[in-house]
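As C-alpha cells, the structure follows; a few thoughts come after it.
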Amino acid sequence: KYKFLSPETRHQAIQDLKAADRSKLVIHEKFSREIKKARDAAMMMLVTSDRELMSAIREKKKENKEIVRRNNILMRTQ
Numbered sequence: 179k180y181k182f183l184s185p186e187t188r189h190q191a192i193q194d195l196k197a198a199d200r201s202k203l204v205i206h207e208k209f210s211r212e213i214k215k216a217r218d219a220a221m222m223m224l225v226t227s228d229r230e231l232m233s234a235i236r237e238k239k240k241e242n243k244e245i246v247r248r249n250n251i252l253m254r255t256q
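Under this note's numbering, the first residue of the sequence shown is numbered 179, with each subsequent residue one higher.
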C-alpha cells in the first residue's frame, strides 16, 4: 500500500544533501518526487523518523540560513 523510500533513493538523498553547493538545498529529484507523493501520514512518519536523513536536511537548512544572514549583512554594509 505505501511506497517507501528505496534504500538507493535515501542514500542518494543523503549524499546529495552532504555534497550540495553550500548556497542551495539540493535534493535528488527522485527523492523529491517520492516525498511529494508522501501525502500519506505513515510515509511522512517514516521519513521524519529517519534520523540520519532528517539531520542532513536540518544541517543544510542551517547552512542556508547562515548564508542568507551573511548576504544580508553584506548588502547593508555596502
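Beta carbons: idealized from backbone N, C-alpha and C, even for Gly.
- The alpha-carbon separation between E230 and I192 amounts to approximately 8 Å.
- The three-state secondary structure of Q190, taken from DSSP, is helix.
- DSSP places S233 in the helix class (H, G or I) of the three-state scheme.
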